[in-house]
Amino acid sequence: MATASSDAPVRRGLQERLYPLLSRLARSWLFIAFFVAFFLFWEYSIDIFSIPRYILPRPTEIVRNASADIPRLLEYTYITGAEALIGYLLAVAMAVPLGLAIAFSSVLRRTIYPFFVSLEMTPKIAFAPLFISWLGFGMLPKVIIVILVCFFPVVLNAILAFGSLPDELENFCRSTGAGPLRAFLKVRLPAAMPQCFVGFKYAAINATVGATIAEFIGSDQGLGFYIQIVTGNMRPDLAFAGIFLLTILGLALFGMVTLAERLLIPWHISVRRSRG
Amino acid sequence: MSASIELRALAKTFGSGLEAVHAFGPADLTIHEGEFVSLLGPSGCGKSTLMLIIAGLLEPSEGCVRVDGAEVNGPQTDIGIMFQDNTLVPWRTVWDNVALQLELRGLDVRQFTERIRALLASVSLTGFEHRHPWELSGGMQQRAAFCQAMVHEPDTLLLDEPLGKLDAMTRESIRTDLQALWLSKRPTVVFVTHSIEEAVQLSSRICVITPRPGRIDRVIDVDLPYPRTLEVKKSSEFVTLVGDIQEIFHGYGVI
Numbered sequence: 161m162a163t164a165s166s167d168a169p170v171r172r173g174l175q176e177r178l179y180p181l182l183s184r185l186a187r188s189w190l191f192i193a194f195f196v197a198f199f200l201f202w203e204y205s206i207d208i209f210s211i212p213r214y215i216l217p218r219p220t221e222i223v224r225n226a227s228a229d230i231p232r233l234l235e236y237t238y239i240t241g242a243e244a245l246i247g248y249l250l251a252v253a254m255a256v257p258l259g260l261a262i263a264f265s266s267v268l269r270r271t272i273y274p275f276f277v278s279l280e281m282t283p284k285i286a287f288a289p290l291f292i293s294w295l296g297f298g299m300l301p302k303v304i305i306v307i308l309v310c311f312f313p314v315v316l317n318a319i320l321a322f323g324s325l326p327d328e329l330e331n332f333c334r335s336t337g338a339g340p341l342r343a344f345l346k347v348r349l350p351a352a353m354p355q356c357f358v359g360f361k362y363a364a365i366n367a368t369v370g371a372t373i374a375e376f377i378g379s380d381q382g383l384g385f386y387i388q389i390v391t392g393n394m395r396p397d398l399a400f401a402g403i404f405l406l407t408i409l410g411l412a413l414f415g416m417v418t419l420a421e422r423l424l425i426p427w428h429i430s431v432r433r434s435r436g
Numbered sequence: 093m094s095a096s097i098e099l100r101a102l103a104k105t106f107g108s109g110l111e112a113v114h115a116f117g118p119a120d121l122t123i124h125e126g127e128f129v130s131l132l133g134p135s136g137c138g139k140s141t142l143m144l145i146i147a148g149l150l151e152p153s154e155g156c157v158r159v160d161g162a163e164v165n166g167p168q169t170d171i172g173i174m175f176q177d178n179t180l181v182p183w184r185t186v187w188d189n190v191a192l193q194l195e196l197r198g199l200d201v202r203q204f205t206e207r208i209r210a211l212l213a214s215v216s217l218t219g220f221e222h223r224h225p226w227e228l229s230g231g232m233q234q235r236a237a238f239c240q241a242m243v244h245e246p247d248t249l250l251l252d253e254p255l256g257k258l259d260a261m262t263r264e265s266i267r268t269d270l271q272a273l274w275l276s277k278r279p280t281v282v283f284v285t286h287s288i289e290e291a292v293q294l295s296s297r298i299c300v301i302t303p304r305p306g307r308i309d310r311v312i313d314v315d316l317p318y319p320r321t322l323e324v325k326k327s328s329e330f331v332t333l334v335g336d337i338q339e340i341f342h343g344y345g346v347i
């Protein structure tokens with residue numbers, strides 16, 4: 161009895177730490193099982209259906225062959241990742257203030273806003289060859305193309321975010337006599353954050369797509385370049401390795417934005433739901 | 093600490109030309125210091141519009157509002173205001189939401205610690221100070237919103253159907269709290285409602301407003317003793333008055 165009570169707190173502490181992990185595993189086991197089954201099916205269907213290697217390699221071959229090319233893959237991951245991240249951050253840094261300005265200026269709302277809405281219909285990636293012909297093969301045109309594909313979702317959502325404060329809160333702020341800056345910092349800005357994050361997330365998905373396609377069009381480095389070259393050399397195994405690393409990049413960027421969302425707006429319904 | 097409010101030939105029309113909608117007026121009314129006046133009318137009669145005009149948040153098309161004799165021509169800051177949808181923000185706790193009123197006014201929140209504590213206690217929110225609005229029931233949210241509207245000790249309270257979205261039992265209990273607060277501090281209250289019973293229970297005077305375009309058709313003095321407890325509500329005077337007002341609205345074809 162005495163011994164049981166003396167190590168009970170320790171055991172409880174361990175259980176408390178293990179429990180969330182186990183319950184998370186219990187909730188996602190179906191997904192993990194599906195994932196494993198998917199790769200097993202892929203692995204064995206190559207032989208079962210006699211698929212030639214130059215069409216589709218086995219997952220185990222992809223891992224084996226890619227590990228021989230790790231230095232180059234890592235270098236290119238770094239390059240494409242840098243293009244996507246720098247372009248993304250610059251796009252956000254430009255789009256949020258501009259969205260704010262448009263939301264509060266009737267002149268801008270009648271000039272730049274319709275222009276942006278029509279530009280939103282243009283596939284931005286169509287500008288990629290132009291930028292590459294203007295600026296060459298380096299990283300700069302890729303960063304610009306990433307900015308282009310990230311900018312519009314952020315700016316349009318920012319306009320919506322800053323322009324849609326509920327009437328009650330608007331009237332409440334006015335009835336306190338608070339100046340524009342104080343009302344902005346205490347009410348408008350936090351109230352706008354959830355809708356801004358819709359744009360941030362959308363743009364995060366676009367960023368790696370933009371960087372990859374820009375590299376397809378003209379470059380001598382990066383994962384997009386790599387995928388194009390190895391595919392030309394009949395090496396789909398290495399192309400899959402590149403695709404895998406692009407997926408990791410995309411997930412990392414999206415994860416970064418989701419983390420920022422959790423830290424900045426833990427009170428918002430979407431964040432509360434995903435935690436619950 | 094309370095203010096008098098005068099409405100002089102006040103009217104509001106939205107839009108212009110053929111599309112103009114005459115929302116309200118012309119209305120004349122004098123609300124004395126410390127009165128509890130209800131604007132009672134069917135939905136769409138412009139009573140919320142009238143409240144926004146009194147608050148200086150909406151410009152009248154004709155006429156004017158005077159508060160303590162001075163004409164209103166901008167947002168009034170010496171008021172506490174409450175809407176059907178409350179102005180609690182989800183990123184702040186109950187305590188910080190009440191403090192938001194003070195922060196927006198540039199006041200030092202620390203000097204109001206005791207006042208916030210007392211206000212929250214008066215509406216039974218002690219222990220919920222550090223909860224977020226979304227962790228509270230609708231009734232508790234409106235109680236917190238009430239503290240937010242009162243914390244800066246305003247002369248005037250403008251309440252636009254603050255109990256409109258609550259269930260009957262919660263309404264009843266918040267009415268009691270509201271009455272107790274009014275009786276202790278005696279601010280001037282303008283209370284927008286479409287509940288006849290609520291108006292009779294709380295008000296010292298009731299303005300009966302016609303359907304669109306809203307006009308103040310009658311002003312009824314409510315001579316029932318305060319506090320208006322369940323006993324008072326069972327009295328024949330109370331029941332008769334509610335019945336009389338129901339007949340007025342029946343005459344308008346509303347009920």
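The listed protein sequences correspond, in order, to chains H and A. Under this note's numbering, the first residue of the first sequence carries the number 161, and numbering increases by one thereafter. Under this note's numbering, the first residue of the second sequence carries the number 93, and numbering increases by one thereafter. Glycine included, every Cβ here is placed at the ideal spot set by N, Cα and C.
Legend entry - Range of the contiguous alpha helix (DSSP H) that encloses residue 257 (chain H): In the first sequence, residue 257 (chain H) corresponds to position 97, counting from 1. Where residue 257 (chain H) is concerned, the enclosing alpha helix (DSSP H) stretches over 230-264.
Inset, instruction - Can you give me the start and stop residues for the alpha helix (DSSP H) that residue 261 (chain A) sits inside? - result: Taking the first residue of the second sequence as position 1, residue 261 (chain A) is located at position 169. Residues 260-277.
Inset, instruction - Spell out the partners DSSP gives residue 299 (chain A) in its beta bridges. - result: Position 207 of the second sequence, counting from 1, holds the residue named residue 299 (chain A). Note: residue 299 (chain A) sits in a beta bridge opposite A:131 and A:311.
Legend entry - Between the CA atoms of residue 180 (chain H) and residue 186 (chain H) - distance to the nearest angstrom: What you label residue 186 (chain H) is simply residue 26 of the first sequence in a count that begins at 1. What you label residue 180 (chain H) is simply residue 20 of the first sequence in a count that begins at 1. Spanning the two alpha carbons is a distance of roughly 10 Å.
Legend entry - Outcome for residue 165 (chain A) when other beta-carbon atoms lying within 10 angstroms are tallied against a minimum of 16: Residue numbering aside, residue 165 (chain A) sits at position 73 when the second sequence is read from its first letter. Taking a 10 Å sphere around the C-beta of residue 165 (chain A), we find fewer than 16 other C-beta atoms and assign the residue as exposed.
Legend entry - Cut-off 6 Å between Cβ atoms - residues of its own chain near residue 263 (chain H), not counting five sequence neighbours on either side: Position 103 of the first sequence holds residue 263 (chain H). Result list for residue 263 (chain H): 319, 322 and 323, in chain order.
Inset, instruction - Report the residue from A:125, A:106, A:113 and A:111 whose alpha carbon sits nearest the alpha carbon of residue 274 (chain A). - result: Residue 274 (chain A) sits at position 182 when you count from the first residue of the second sequence. Measuring from the Cα of residue 274 (chain A), the nearest candidate turns out to be A:125.
Inset, instruction - Please decide whether residue 168 (chain H) counts as near chain A, where near means a Cβ-Cβ distance under 8 Å. - result: If you number the first sequence from 1, residue 168 (chain H) lands on position 8. Since pLDDT at residue 168 (chain H) reaches only 48, below the 50 mark, its modelled position is unreliable, and the value read off the structure follows with that caveat. Answer no: the Cβ-Cβ gap between residue 168 (chain H) and chain A never drops below 8 Å.
Inset, instruction - Starting from the C-beta of residue 333 (chain A), find all residues in its chain whose C-beta is less than 6 Å away, skip the five residues before and the five after it, and write them out in chain order. - result: To locate residue 333 (chain A), count along the second sequence from 1; it is residue 241. Correct list, in chain order: 292.
Inset, instruction - Using a Cβ-Cβ cut-off of less than 7 Å, give me the residues of the stretch 223-246 of chain A that come near chain H, in sequence order. - result: 224
Inset, instruction - Show which residues of chain H have a CB atom less than 8 Å away from the CB atom of residue 149 (chain A). - result: Mapped onto the second sequence, residue 149 (chain A) falls at position 57. The contacting residues are 331, 334 and 335.
Inset, instruction - Please classify residue 384 (chain H): is it buried, with 16 or more other beta-carbons within 10 angstroms of its beta-carbon, or exposed? - result: For the purposes of this step, residue 384 (chain H) is identified with residue 224 of the first sequence, where counting begins at 1. It is buried - the Cβ of residue 384 (chain H) has at least 16 other Cβ atoms within 10 Å.
Inset, instruction - Output, in chain order, the set of chain H residues within a Cβ distance shorter than 9 Å of residue 181 (chain A). - result: Indexing the second sequence from 1 puts residue 181 (chain A) at position 89. Within chain H, the residues near residue 181 (chain A) are 329, 346, 347, 350, 351 and 427.
Inset, instruction - Answer with yes or no whether the minimum CB distance from residue 207 (chain A) to chain H is below 8 Å. - result: Counted from its first residue, the second sequence places residue 207 (chain A) at position 115. Chain H contact via Cβ: absent.
Legend entry - Collapsed DSSP secondary structure at residue 122 (chain A) in the structure displayed: Here residue 122 (chain A) is taken as the residue at index 30 of the second sequence, counted from 1. Correct three-state label for residue 122 (chain A): strand.
Inset, instruction - Please list the partners that residue 171 (chain A) has in chain H, where partner means a Cβ-to-Cβ separation under 9 Å. - result: In the second sequence, counting from the first residue as 1, residue 171 (chain A) sits at position 79. Those within 9 Å of residue 171 (chain A) in chain H are 335.
Legend entry - Cβ neighbours of residue 204 (chain A) in the same chain (closer than 7 Å, five flanking residues each side left out): Residue numbering aside, residue 204 (chain A) sits at position 112 when the second sequence is read from its first letter. Closer than 7 Å at Cβ, skipping near neighbours: 194 and 243.
Inset, instruction - Please state whether DSSP places residue 257 (chain A) in a helix, a strand or coil. - result: For the purposes of this step, residue 257 (chain A) is identified with residue 165 of the second sequence, where counting begins at 1. Residue 257 (chain A) falls in the coil class under three-state DSSP.
Inset, instruction - Taking 8 Å as the threshold, find out whether the stretch 297-317 of chain A comes into contact with the stretch 121-135 of chain A through three or more Cβ pairs. - result: yes
Legend entry - Partner residues on chain H for residue 177 (chain A), Cβ-Cβ distance less than 8 Å: Position 85 of the second sequence, counting from 1, holds the residue named residue 177 (chain A). The answer, in chain order, is 326 and 328.
Inset, instruction - Look at residue 251 (chain A) and residue 333 (chain H) and say whether their C-beta atoms are less than 8 Å apart. - result: Within the second sequence, residue 251 (chain A) is the residue found at index 159, counting from 1. Within the first sequence, residue 333 (chain H) is the residue found at index 173, counting from 1. Not a contact, by the Cβ cut-off of 8 Å.
Inset, instruction - Just confirm the distance between the C-beta atoms of residue 253 (chain H) and residue 413 (chain H), as a whole number of angstroms; I'd bet it's less than 8 Å. - result: The sequence position of residue 253 (chain H) within the first sequence is 93, counting from 1. The sequence position of residue 413 (chain H) within the first sequence is 253, counting from 1. With 8 Å as the limit, residue 253 (chain H) and residue 413 (chain H) do not qualify as a contact, their Cβ atoms being about 15 Å apart.
Legend entry - Residue span of the alpha helix (DSSP H) that contains residue 300 (chain H), given as start and end: Numbered from its first residue, the first sequence carries residue 300 (chain H) at position 140. Unbroken alpha helix (DSSP H) run through residue 300 (chain H): 299-323.
Legend entry - Pick from H:183, H:249 and H:204 that is closest to residue 310 (chain H), judged by C-alpha positions: Position 150 of the first sequence, counting from 1, holds the residue named residue 310 (chain H). That would be H:249, whose Cα lies nearest to the Cα of residue 310 (chain H).
Inset, instruction - Give the secondary structure of residue 114 (chain A) by DSSP, where H, G and I count as helix, E and B as strand, and everything else as coil. - result: Indexing the second sequence from 1 puts residue 114 (chain A) at position 22. Residue state, collapsed to three classes: strand.
Legend entry - Under the three-state DSSP convention, the category residue 156 (chain A) falls into: Working through the second sequence from its first residue, we reach residue 156 (chain A) at position 64. Strand.
Legend entry - Amino acids of chain A, ordered along the chain, whose beta-carbon sits closer than 7 Å to that of residue 343 (chain H): Position 183 of the first sequence, counted from the start, is the residue given in the question as residue 343 (chain H). Under the 7 Å cutoff, chain A gives 196.
Inset, instruction - Please list, in chain order, all residues of the same chain as residue 273 (chain H) whose beta carbon is under 8 Å from its beta carbon, the five residues on each side excluded. - result: Along the first sequence, read from residue 1 onward, the residue named residue 273 (chain H) stands at position 113. Cβ-Cβ distances below 8 Å link residue 273 (chain H) to 262 and 319 in the same chain, with the five nearest sequence neighbours on each side left out; the list follows chain order.
Legend entry - Proximity to residue 288 (chain A) [Cα-Cα], best of A:221, A:174 and A:347: Locating residue 288 (chain A) in the second sequence gives position 196, counting from the first residue. Minimum Cα distance to residue 288 (chain A) is reached at A:347.
Inset, instruction - Rounded to whole angstroms, what's the CA-CA distance from residue 142 (chain A) to residue 341 (chain H)? Just pull it up for me. - result: Looking up residue 142 (chain A) in the second sequence gives position 50. Looking up residue 341 (chain H) in the first sequence gives position 181. The straight-line gap from Cα to Cα measures roughly 29 Å.
Inset, instruction - Below 7 Å between beta carbons is the criterion; list the residues of the stretch 359-374 of chain H that meet it against any residue of chain A, in chain order. - result: none
Legend entry - Listed by chain order, chain H residues near residue 192 (chain A) by CB distance under 7 Å: Translated into the one-based positions of the second sequence, residue 192 (chain A) becomes position 100. Ordered by position in chain H, the residues that pass the 7 Å Cβ test against residue 192 (chain A) are 346.
Legend entry - For residue 168 (chain H), the three-state DSSP class (helix, strand or coil): Within the first sequence, the letter at position 8 stands for residue 168 (chain H). Caution applies to residue 168 (chain H), whose pLDDT of 48 falls short of 50 and renders its modelled position unreliable; the value that the coordinates give is listed next. Looking at residue 168 (chain H) - three-state DSSP - the assignment turns out to be helix.
Legend entry - Three-pair Cβ contact test at 8 Å for the stretch 359-373 of chain H versus the stretch 403-413 of chain H: yes
Legend entry - For residue 248 (chain A), the first and last residue of its enclosing beta strand (DSSP E): As a working mapping, residue 248 (chain A) is identified with position 156 in the second sequence. First-last of the beta strand (DSSP E) with residue 248 (chain A): 248-252.
Inset, instruction - Starting from residue 168 (chain A), find everything on chain H with Cβ-Cβ shorter than 8 Å and list it in chain order. - result: The residue labelled residue 168 (chain A) in the question sits at position 76 within the second sequence. Result: 335.
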